[in-house]
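So the structure is just underneath, and the comments pick up after that.
Protein chains in written order, with the working numbering: chain S, 191 to 464; chain H, 3 to 330.
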């Protein structure tokens with residue numbers, strides 16, 4: 191942790207991530223205005239003391255929508271990454287540890303999932319299931335576990351070849367015990383890096399789905415949806431498109447910075463340069 | 003080498019079968035009755051198909067019999083190249099796809115070219131300027147660029163270059179290689195510039211610190227010649243394969259950008275099809291892009307083997323770019 195803080199990019203990212211998480215958790219307490227209703231007389235307002243980030247085409251307050259949207263977007267992304275990682279861990283560790291036929295079957299399954307371009311597959315799944323946040327999340331889990339499973343399998347394979355794993359197996363450890371005591375702890379750094387980087391990717395995809403109208407139906411506040419609403423007023427009200435777009439970019443950037451810094455730490459190893 | 007090619011192809015067969023199963027299952031398991039959707043286009047003016055029409059549609063769509071029979075009859079049609087007919091206009095999906103493919107290929111190729119020129123150019127520059135202001139600026143751009151969603155960038159470009167300054171058309175396609183290509187190319191290519199810059203920079207920096215580069219300098223070669231003949235040639239091997247993979251991603255990932263710019267390619271076609279629950283079109287587009295993606299992947303593995311015979315292939319697919327996460 192201390193070494194993470196010594197990297198300026200990682201530090202900036204970490205501060206942003208903590209800030210965004212705080213906003214997402216405290217969300218409802220921070221806003222007094224409703225994110226879903228507005229005064230039609232207050233449509234398309236610019237920046238003001240009452241509406242720090244202006245209002246949209248229905249007079250709804252941008253600040254309120256942005257803050258409530260943070261909760262939806264971040265919350266959904268974290269859940270998607272957690273579920274996808276759980277699946278990826280199960281598939282990757284079993285395939286990498288068991289080897290043989292089990293490995294071949296699981297690896298082919300992963301290859302099938304990887305054979306589809308993820309954006310298009312997520313769109314198709316969300317489209318078949320119908321619009322809604324839950325369906326968008328299912329689509330994203332279905333398309334993101336395979337990337338992680340592939341990496342986790344490769345790392346498990348390399349851990350499997352180490353001397354102490356052989357020793358543990360030779361001294362009579364059951365596969366479950368060896369995996370729990372030796373494989374999982376050594377996988378932890380990889381998994382943490384994967385998870386952090388993936389939150390950014392999932393937020394982008396989630397915003398893309400809701401931008402295409404496959405997220406929560408209106409009037410729910412969601413960043414991608416806000417961009418979709420703003421698209422119609424692109425020429426006259428560019429501010430409405432700048433606000434949610436910047437929010438998405440900053441959030442993704444924050445997770446990428448932290449993930450990159452963590453990845454460098456993992457690559458350097460425990461004794462590497464800090 | 004021939005052995006490697008054969009094994010790689012043999013490995014693709016079960017994956018391809020899996021791809022067809024997934025594509026078929028998506029439509030088969032989706033809520034709603036495809037037969038009803040399909041029959042709607044033949045229904046009388048009131049829009050509601052009769053039970054006989056739905057029964058006929060069920061037969062046309064190979065929805066009789068149990069689930070295995072359904073898949074097999076669908077699969078045998080696909081193998082023969084029959085992708086079915088669009089629910090919304092009744093035209094064969096295959097000709098629709100063939101009609102749309104050139105636009106998507108054009109856009110993906112333009113975006114790939116943009117990425118290569120800008121990404122490799124900036125990456126080499128950053129490696130040469132290592133640690134100086136220019137290097138830092140390029141790296142900030144590289145990290146920041148990856149965080150900008152392509153759909154937001156599209157809106158920004160339309161706002162500034164089309165709506166505000168009226169420099170370029172904001173959408174549509176006025177024939178091959180027209181000005182309407184510029185904005186979608188920028189929006190699609192920019193996202194991948196950052197990745198290319200990072201890869202090029204680290205690869206060039208690593209190569210330039212090798213002994214043979216020092217030897218070339220010691221022989222008194224001009225700096226320009228050292229960089230191009232010794233540094234770049236070797237540094238670009240990983241970049242080239244990564245870019246091939248990128249082209250596959252671009253070709254398949256054009257959906258969002260195409261739909262914003264009303265670009266008449268496969269991506270826009272799939273998004274429109276999703277909106278109308280036009281199952282055969284979605285399935286056709288998914289199958290086509292998965293096949294393209296797989297072919298590109300196999301071609302790259304072969305290319306990589308040729309460029310760098312030192313590669314020992316355990317897992318056959320070499321090009322994944324995740325190696326840096328492996329513990330050492």
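Quick reminder that beta carbons are idealized off the backbone N, C-alpha and C, glycines included.
Worksheet item: Any idea what DSSP makes of residue 203 of chain S, helix, strand or coil?
Response: For this step, residue 203 of chain S is matched to residue 13 along the first chain. Here residue 203 of chain S sits in helix by DSSP.
Worksheet item: From S/313, S/438, S/201 and S/247, pick the residue whose C-alpha is nearest to that of residue 225 of chain S; which is it?
Response: Locating residue 225 of chain S in the first chain gives position 35, counting from the first residue. With distances taken between Cα atoms, residue 225 of chain S lies closest to S/247.
Discussion item. Within a Cβ cutoff of 6 angstroms, which residues of the same chain sit near residue 339 of chain S, ignoring the five residues on either side of it in sequence?
Written reply: Taking the first residue of the first chain as 1, we reach residue 339 of chain S at position 149. Same-chain partners within the cutoff: 278, 281, 282 and 300.
Discussion item. I'd like to check one pair, residue 267 of chain S with residue 440 of chain S: are the Cβ atoms closer than 7 angstroms?
Written reply: Within the first chain, numbered from 1, the residue matching residue 440 of chain S stands at position 250. Within the first chain, numbered from 1, the residue matching residue 267 of chain S stands at position 77. No, they are not a contact pair.
Item to complete: Just the chain S side, please: which residues come within less than 8 angstroms of residue 251 of chain H by C-beta, in chain order?
Response: As a position in the second chain, residue 251 of chain H is number 249, starting the count at 1. Near residue 251 of chain H (Cβ distances below 8 angstroms), the residues of chain S are 307.
Fill in: Which residues DSSP lists as bridging residue 251 of chain S, in chain order
For the purposes of this step, residue 251 of chain S is taken as residue 61 along the first chain, with counting starting at 1. BP columns for residue 251 of chain S point to S/245.
Worksheet item: Since residue 324 of chain S sits in a beta bridge, which residues does DSSP pair it with?
Response: In the first chain, the residue the question calls residue 324 of chain S occupies position 134. None; residue 324 of chain S has no bridge partner.
Worksheet entry | Start and end residues, alpha helix (DSSP H) containing residue 388 of chain S | In the first chain, counting from the first residue as 1, residue 388 of chain S sits at position 198. Residue 388 of chain S -> alpha helix (DSSP H) spans 374–401.
Discussion item. Quick check: what's the CA-CA separation for residue 31 of chain H versus residue 272 of chain H?
Written reply: As a first step, residue 31 of chain H is located in the second chain; it is residue number 29 there, counting from the start. As a first step, residue 272 of chain H is located in the second chain; it is residue number 270 there, counting from the start. The straight-line gap from Cα to Cα measures roughly 19 angstroms.
Worksheet item: Thinking C-beta only, is residue 417 of chain S closer than 7 angstroms to residue 434 of chain S?
Response: In the first chain, counting from the first residue as 1, residue 434 of chain S sits at position 244. In the first chain, counting from the first residue as 1, residue 417 of chain S sits at position 227. Going by C-beta atoms, residue 434 of chain S is nearer than 7 angstroms to residue 417 of chain S.
Item to complete: With a floor of 4 residues, list each alpha helix (DSSP H) that falls wholly inside the stretch 252–318 of chain H, ordered by position along the chain.
Response: 257–262, 268–277 and 281–309
Worksheet item: Is the stretch 254–268 of chain S close to the stretch 204–220 of chain S, with three or more CB pairs under 8 angstroms?
Response: yes
Item to complete: Figure out for me which residue from H/237, H/111, H/191 and H/66 has the closest Cα to the Cα of residue 126 of chain H.
Response: Within the second chain, the letter at position 124 stands for residue 126 of chain H. Nearest option by C-alpha distance: H/237.
Worksheet item: Any residues in the stretch 17–31 of chain H with a beta carbon nearer than 9 angstroms to a beta carbon of chain B? Which ones, in chain order?
Response: Absence of chain B from the displayed structure is noted, the protein chains being S and H.
Worksheet entry | residue 415 of chain S: first and last residue of the uninterrupted alpha helix (DSSP H) it sits in | Position 225 of the first chain holds residue 415 of chain S. That run of the alpha helix (DSSP H) goes 413–421.
Item to complete: Let me know if residue 55 of chain H comes out buried or exposed under the rule of 16 or more other beta-carbons within 10 Å of its beta-carbon.
Response: Against the second chain, residue 55 of chain H aligns to sequence position 53. By the neighbour-count rule (16 or more Cβ atoms within 10 Å), residue 55 of chain H is buried.
Worksheet item: By how many angstroms is the C-alpha of residue 174 of chain H removed from the C-alpha of residue 108 of chain H?
Response: Taking the first residue of the second chain as 1, we reach residue 108 of chain H at position 106. Taking the first residue of the second chain as 1, we reach residue 174 of chain H at position 172. Approximately 14 angstroms between the Cα atoms of the pair.
Worksheet item: What's the gap between the Cα of residue 1 of chain H and the Cα of residue 51 of chain H?
Response: With chain H covering 3 to 330 only, the question about residue 1 of chain H has no answer from this structure.
Item to complete: Please state if the CB of residue 259 of chain H and the CB of residue 152 of chain H are separated by a distance shorter than 7 angstroms.
Response: Mapped onto the second chain, residue 152 of chain H falls at position 150. Mapped onto the second chain, residue 259 of chain H falls at position 257. Going by C-beta atoms, residue 152 of chain H is nearer than 7 angstroms to residue 259 of chain H.
Worksheet item: Taking Cβ positions only, does residue 412 of chain S come closer than 7 angstroms to chain H?
Response: What you label residue 412 of chain S is simply residue 222 of the first chain in a count that begins at 1. By this cut-off, residue 412 of chain S is not an interface position.
Practice prompt. Could you say which of H/19, H/186, H/160 and H/204 lies nearest to residue 80 of chain H if we only look at CA atoms?
Written response: Taking the first residue of the second chain as position 1, residue 80 of chain H is located at position 78. Residue 80 of chain H has its Cα closest to that of H/19, out of H/19, H/186, H/160 and H/204.
Item to complete: Find the residues of chain H that neighbour residue 466 of chain S, judging by a C-beta separation of less than 7 angstroms, and give them in chain order.
Response: The structure shown has nothing for residue 466 of chain S, since chain S only spans 191 to 464.
Practice prompt. May I ask which residues mark the beginning and end of the alpha helix (DSSP H) holding residue 186 of chain H?
Written response: Here the question's residue 186 of chain H lines up with position 184 in the second chain. 184–210 is the span of the alpha helix (DSSP H), which, as asked, contains residue 186 of chain H.
Practice prompt. For residue 239 of chain H, return the contacting residues in chain S, with the cut-off set at a CB-CB distance below 8 angstroms.
Written response: Walking along the second chain from the start, residue 239 of chain H turns up at place 237. What residue 239 of chain H touches in chain S: nothing, since even the nearest Cβ is about 21 angstroms away.
Fill in: Cα-Cα separation, residue 431 of chain S to residue 424 of chain S
Position 241 of the first chain, counted from the first residue, corresponds to residue 431 of chain S. Position 234 of the first chain, counted from the first residue, corresponds to residue 424 of chain S. Those two C-alpha atoms are separated by around 7 angstroms.
Discussion item. Residue 323 of chain S and residue 395 of chain S - do their beta-carbons sit closer together than 7 angstroms?
Written reply: Counted from its first residue, the first chain places residue 395 of chain S at position 205. Counted from its first residue, the first chain places residue 323 of chain S at position 133. Taking 7 angstroms as the Cβ cut-off, residue 395 of chain S and residue 323 of chain S do not qualify as a contacting pair.
Discussion item. Let me see if you follow: with CB-CB separation under 7 angstroms, is residue 416 of chain S close to chain H or not?
Written reply: Position 226 of the first chain, counted from the start, is the residue given in the question as residue 416 of chain S. For residue 416 of chain S, the answer is no, since every Cβ of chain H falls outside 7 angstroms of its Cβ.
Worksheet item: Quick one, are the C-beta atoms of residue 269 of chain H and residue 85 of chain H less than 7 angstroms apart?
Response: The residue you call residue 269 of chain H lines up with position 267 of the second chain. The residue you call residue 85 of chain H lines up with position 83 of the second chain. No, these two residues do not count as a Cβ contact at 7 angstroms.
Discussion item. Which same chain residues end up closer than 7 angstroms to residue 254 of chain S when comparing Cβ atoms and leaving out the 5 residues on each side of it in sequence?
Written reply: By 1-based counting over the first chain, the position of residue 254 of chain S is 64. 221, 223, 224 and 225.
Worksheet item: What residues from the stretch 416–431 of chain S come within 8 angstroms of chain H, judged by C-beta to C-beta, listed N to C?
Response: 417, 420, 421, 424, 425, 428 and 431
Worksheet item: Hey, residue 117 of chain H and residue 230 of chain H are a contact pair by Cβ (cut 8 angstroms); roughly how many whole angstroms apart?
Response: Your numbering for residue 117 of chain H matches position 115 in the second chain. Your numbering for residue 230 of chain H matches position 228 in the second chain. Not quite, the Cβ-Cβ distance comes to about 20 angstroms (not below 8 angstroms), so this is no contact.
Worksheet item: Taking Cβ-Cβ distances shorter than 7 angstroms, what residues in chain H pair up with residue 401 of chain S?
Response: As a working mapping, residue 401 of chain S is identified with position 211 in the first chain. Result: 153.
Item to complete: Give the interface partners of residue 298 of chain S over in chain H, defined as CB-CB distance under 9 angstroms, in chain order.
Response: Translated into positions along the first chain, residue 298 of chain S becomes position 108. Neighbours of residue 298 of chain S on chain H, chain order: 13, 16, 17 and 20.
Item to complete: May I ask which residues mark the beginning and end of the alpha helix (DSSP H) holding residue 78 of chain H?
Response: Position 76 of the second chain, counting from 1, holds the residue named residue 78 of chain H. Looking at the DSSP string, the run of the alpha helix (DSSP H) that includes residue 78 of chain H is 69–81.
Discussion item. When you compare the CB of residue 449 of chain S with every CB in chain H, is at least one pair closer than 7 angstroms?
Written reply: Along the first chain, one-based indexing puts residue 449 of chain S at 259. Not one chain H Cβ lies under 7 angstroms of residue 449 of chain S.
Practice prompt. Rank S/286, S/335 and S/403 by C-alpha distance to the C-alpha of residue 348 of chain S and give the top, closest one.
Written response: If you number the first chain from 1, residue 348 of chain S lands on position 158. Per the Cα distances, S/286.
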